[in-house]
Amino acid sequence: MVIPFLQDTPRPVDPVTALLALLEEEGERVVRLWAKRIRAETHELDVPGRDLRAPLRPLVDELVRLLRDRGRDALILWPEVVRSHGARRYDQRFDAEDLAREFKALGEVLLYVYARRNRQRLEPEVATFMVELVGEAHASAQASFTRVLKTEEVRFREAAVMESVLNHVEVGILLAELDGTVSFATPPVSRLIGMPMRAVVGARSHTSLATVLSQVNARHPDGTPFKVADMPFMRALREHGPVRGVLMVVERPGGDEATLELSATPLRQEGDELAGVIQTFTDRTEAANQNKALLSAHDELRRLQDRLLQRTRTQALGQLASGAAHALNNLLNVLRLRITLLRREYNPEHLDSLDRTVGQVGELVARLQEFNVERSEEHLHDVQVDAMVREALELARGELEQREHPVTVELRLGSPGAVRADPGFFRELVVNLLLAERERLGDGGGRVVIQTRAEPGGQGMLRVEDAGTPYSAGELTRMFDPLNRDVGAPQLSLLLAVAREQVRRWGGELTVENLAGRPGAAFVVRMPLVRSAQEREEDERLAGDGFGMAGPRRFQRTRRVLVVDDDPDNARMMAELLSEEGYDVKVAPGGEVALKMWDERLYDAALLDAVMPDLSGWEVARELRQRSPHALLAIVTGMDVRGQNRANLALVDAVFRKPIDVGALDDFLGQSDLSSSGSASPSFPG
Numbered sequence: 001m002v003i004p005f006l007q008d009t010p011r012p013v014d015p016v017t018a019l020l021a022l023l024e025e026e027g028e029r030v031v032r033l034w035a036k037r038i039r040a041e042t043h044e045l046d047v048p049g050r051d052l053r054a055p056l057r058p059l060v061d062e063l064v065r066l067l068r069d070r071g072r073d074a075l076i077l078w079p080e081v082v083r084s085h086g087a088r089r090y091d092q093r094f095d096a097e098d099l100a101r102e103f104k105a106l107g108e109v110l111l112y113v114y115a116r117r118n119r120q121r122l123e124p125e126v127a128t129f130m131v132e133l134v135g136e137a138h139a140s141a142q143a144s145f146t147r148v149l150k151t152e153e154v155r156f157r158e159a160a161v162m163e164s165v166l167n168h169v170e171v172g173i174l175l176a177e178l179d180g181t182v183s184f185a186t187p188p189v190s191r192l193i194g195m196p197m198r199a200v201v202g203a204r205s206h207t208s209l210a211t212v213l214s215q216v217n218a219r220h221p222d223g224t225p226f227k228v229a230d231m232p233f234m235r236a237l238r239e240h241g242p243v244r245g246v247l248m249v250v251e252r253p254g255g256d257e258a259t260l261e262l263s264a265t266p267l268r269q270e271g272d273e274l275a276g277v278i279q280t281f282t283d284r285t286e287a288a289n290q291n292k293a294l295l296s297a298h299d300e301l302r303r304l305q306d307r308l309l310q311r312t313r314t315q316a317l318g319q320l321a322s323g324a325a326h327a328l329n330n331l332l333n334v335l336r337l338r339i340t341l342l343r344r345e346y347n348p349e350h351l352d353s354l355d356r357t358v359g360q361v362g363e364l365v366a367r368l369q370e371f372n373v374e375r376s377e378e379h380l381h382d383v384q385v386d387a388m389v390r391e392a393l394e395l396a397r398g399e400l401e402q403r404e405h406p407v408t409v410e411l412r413l414g415s416p417g418a419v420r421a422d423p424g425f426f427r428e429l430v431v432n433l434l435l436a437e438r439e440r441l442g443d444g445g446g447r448v449v450i451q452t453r454a455e456p457g458g459q460g461m462l463r464v465e466d467a468g469t470p471y472s473a474g475e476l477t478r479m480f481d482p483l484n485r486d487v488g489a490p491q492l493s494l495l496l497a498v499a500r501e502q503v504r505r506w507g508g509e510l511t512v513e514n515l516a517g518r519p520g521a522a523f524v525v526r527m528p529l530v531r532s533a534q535e536r537e538e539d540e541r542l543a544g545d546g547f548g549m550a551g552p553r554r555f556q557r558t559r560r561v562l563v564v565d566d567d568p569d570n571a572r573m574m575a576e577l578l579s580e581e582g583y584d585v586k587v588a589p590g591g592e593v594a595l596k597m598w599d600e601r602l603y604d605a606a607l608l609d610a611v612m613p614d615l616s617g618w619e620v621a622r623e624l625r626q627r628s629p630h631a632l633l634a635i636v637t638g639m640d641v642r643g644q645n646r647a648n649l650a651l652v653d654a655v656f657r658k659p660i661d662v663g664a665l666d667d668f669l670g671q672s673d674l675s676s677s678g679s680a681s682p683s684f685p686g
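In the UniProt record's numbering, the protein residues as written are 1 to 686.
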């Protein structure tokens, strides 16, 4: 075949229009000559059916449609259409050279037919466009040809291209059919697991996959064997939904262990019909070994913040004692309630000694809690917020200004007054917030604004804000997590976690938030302001002996009682005991359920567990007081309540310490209407 020389044309020719006109008029001829050239080039190839023209006609027709509808975009779109042609030629036992000859023949045919039709004129722009189009199509078909995966049923037509790309990444990918058959696995899967996956791919039985898991001693992080049914792709097929973050520990050849994270995502066809599942394998061994780095960070933090960590250990000991006392008191309360019921059915003399023992253990727990309170409050003073801010700024000024671009601080102090806190720790809190801002702003420096003011409700506010990049939602969520693994996070997160816990013990809250409508973020501390000496004395008296609050708000004898407790034994025994006393009792396992039940029925009283996973008893009491101002409310707790502020204590009519004095509880619920005589005096048993 003679290829005409390129000739200059007087004026540019639109190559898309020229090629479209050629194929619309000479398309059949192009297909015929193309097939003839292929047969001549591949005369030794045994092509089933010997009909080389059949698969070429649709390719040319699709090219005509794309040139007509999408213009020059056909240069990008047509190679995608040709992609499956490479897989078809694989099935017809073409080799790579045959495929190259096929597209070389197409280029020659197009140039020849165009030049002959155009009186041997071939414009450079038309020739260039044809060469580029054929070259892109050849590359697409070649990629599909070289990586195509032949299985009994090809559901993943793009698997070949995916394999060629994903072979070079560290994430392994496995494709599973609807029947659980593994139809495709990239080489990284074999590298990550430590065993070749050849025997697994295409096998209908799960025995081969189970054998691989057994050979690498696959197991869950807790040591239990990892079975085929635990594979995320199996769960995704059962549940028709994604499965994320499944960890599998394997032993690779050589004895080293690897921790892999497995996730599965369903693949769906049009109409949302499930087509299969794609599962990924990611090496998390390094992340699993981050405990060493975390311990190292803790050691460094201990050297830099020795005083802060000493306080942390003391707080941890106090929290441990308080939590243990709470759990022990729950168990003791169940025992006492059981004893009360048994006493009515058997001889009480056989149970008196056991009851006395329960009371003695309860007194011991109370003394343990008192010790915790004394240790955490022995250094509390009235601290002037603005003065502490100025002192902290002087301490941190050297660190803030030592870099080439310093951090400047603007004070907007509003004289909020004093809060009840440990002066040294409060000063350290402000210093640490300033140093955190320095690290956040980096070497570029910037401006930090410290603002203080009094807020409604007797709260004092301390705000430290900057104009840096806002935190992401994930960063805000992990900000106070002491085990945060983000780069640079363990030190800051541990500091903030300890600081927030201490601020909470003072009755306040430490939060972090992004600024609204502009760049930046802020740390915000809110704490109750110091009240008058007379109010403080009254608070101490209330916390110490449990008396002196306003009289009960109930105006009729209590009959309908709602018991709210997340501990089922405590709730059931309390309800059974009160039912025998003639009360109509219902039980709610949590705060949210309690509020719904209260709206559905009128109750006279509620006995609220102080510590519950969804809402605390104090939060439930606040909601119930708004809905039923005259209802009788009591907190039932194994914790010490002297850390509660005056506003919380004012919400309830009594506080009962576990183990409960049943007689005092009955007296409390059975009070007569005393409002008319004005001599109401509530009972707050210890």
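Backbone N, C-alpha and C fix where the C-beta goes; we use that ideal spot for every residue, glycine too.
Within 8 Å, strictly: CB atoms of residue i and residue j
| i | j | result |
| --- | --- | --- |
| Met574 | Gly591 | no |
| Ser183 | Val201 | yes |
| Val277 | Thr265 | yes |
| Asp604 | Leu632 | yes |
| Glu414 | Glu465 | As written in the sequence, residue 414 is Gly, which differs from the Glu given in the question. In this structure, Glu465 does not lie closer than 8 Å to Gly414 by Cβ. |
| Ala610 | Met639 | yes |
| Val64 | Gly27 | yes |
| Asp443 | Arg478 | no |
| Leu22 | Tyr112 | no |
| Leu99 | Phe129 | no |
| Leu274 | Leu174 | no |
| Phe281 | Gly172 | yes |
| Glu170 | Pro188 | yes |
| Gly86 | Gln142 | yes |
Closest Cα partner of residue i within the set the options
| i | options | result |
| --- | --- | --- |
| Leu262 | Ile193, Leu63, Glu239 | Ile193 |
| Leu393 | Arg403, His381, Phe426 | Phe426 |
| Leu607 | Phe233, Glu600, Gly617 | Gly617 |
| Ala634 | Arg601, Pro659, Leu615, Phe668 | Phe668 |
| Asp222 | Ser214, Leu247, Ala229, Val228 | Leu247 |
| Ala387 | His405, Gly424, Val407 | Gly424 |
| Met461 | Phe480, Leu433, Leu510 | Leu510 |
| Gly445 | Phe103, His405, Asp565 | His405 |
| Pro528 | Asp14, Arg117, Gly254, Ala647 | Ala647 |
| Ala497 | Arg518, Phe523, Ser472, Ala516 | Phe523 |
| Val68 | Arg88, Pro124, Ala87, Leu20 | In the sequence under discussion, the amino acid at residue 68 is Arg, which differs from the Val named in the question. Among Arg88, Pro124, Ala87, Leu20, the Cα nearest to that of Arg68 is on Leu20. |
| Leu110 | Pro15, Glu97, Gly241 | Pro15 |
Three-state class that DSSP yields for residue i in the structure shown
| i | result |
| --- | --- |
| Arg526 | strand |
| Ser677 | With a pLDDT of only 32 at Ser677, under the threshold of 50, the placement of this residue in the model should not be trusted; the figure read from the coordinates follows. Three-state result, Ser677: coil. |
| Glu158 | Reliability of the predicted coordinates at Glu158 is poor, the pLDDT of 47 falling under 50, and the value obtained from them is presented with this limitation in mind. Residue state, collapsed to three classes: coil. |
| Glu410 | strand |
| Leu19 | helix |
| Asp61 | helix |
| Phe184 | strand |
| Ser628 | coil |
| Leu665 | helix |
| Thr265 | strand |
| Asn432 | helix |
| Leu615 | coil |
7 Å Cβ shell around residue i - same chain, five flanking residues per side excluded
| i | result |
| --- | --- |
| Leu56 | Val31, Trp34, Ala35 |
| Trp598 | Leu562, Leu624, Arg627 |
| residue 693 | No statement about residue 693 is possible, as the shown extent of the chain runs from 1 to 686 and does not include it. |
| Val585 | Val561, Val563, Ala575, Leu578, Ser579 |
| Val60 | Leu23, Gly27, Val30, Val31 |
| Pro12 | Glu125 |
| Asp666 | Glu581 |
Same chain, Cβ closer than 6 Å to residue i, five either side skipped, listed in chain order
| i | result |
| --- | --- |
| Leu595 | Glu623 |
| Arg101 | Glu41 |
| Leu395 | Val431 |
| Phe233 | Ala176, Ala264, Val277, Gln279 |
| Leu651 | Ala621, Arg622, Arg625 |
| Glu437 | Val448, Asp466 |
Spatial neighbours of residue i in its chain, beta-carbon cut-off 8 Å, leaving aside the 5 residues before and after
| i | result |
| --- | --- |
| Glu257 | Val249, Val250, Glu251, Thr285 |
| Tyr471 | Met479, Val512, Asn514, Ala521 |
Exercise. Are there three or more Cβ pairs, one per stretch, closer than 8 Å when the stretch 409 to 421 is compared with the stretch 506 to 514?
Worked result: Taking a contact to require three or more Cβ pairs closer than 8 Å, the stretch 409 to 421 and the stretch 506 to 514 qualify as touching.
For this session: Taking 8 Å as the threshold, find out whether the stretch 448 to 465 comes into contact with the stretch 399 to 415 through three or more Cβ pairs.
Result: yes
Exercise. Taking contact to mean at least 3 C-beta pairs separated by less than 8 Å, is the stretch 75 to 94 in contact with the stretch 120 to 138?
Worked result: yes
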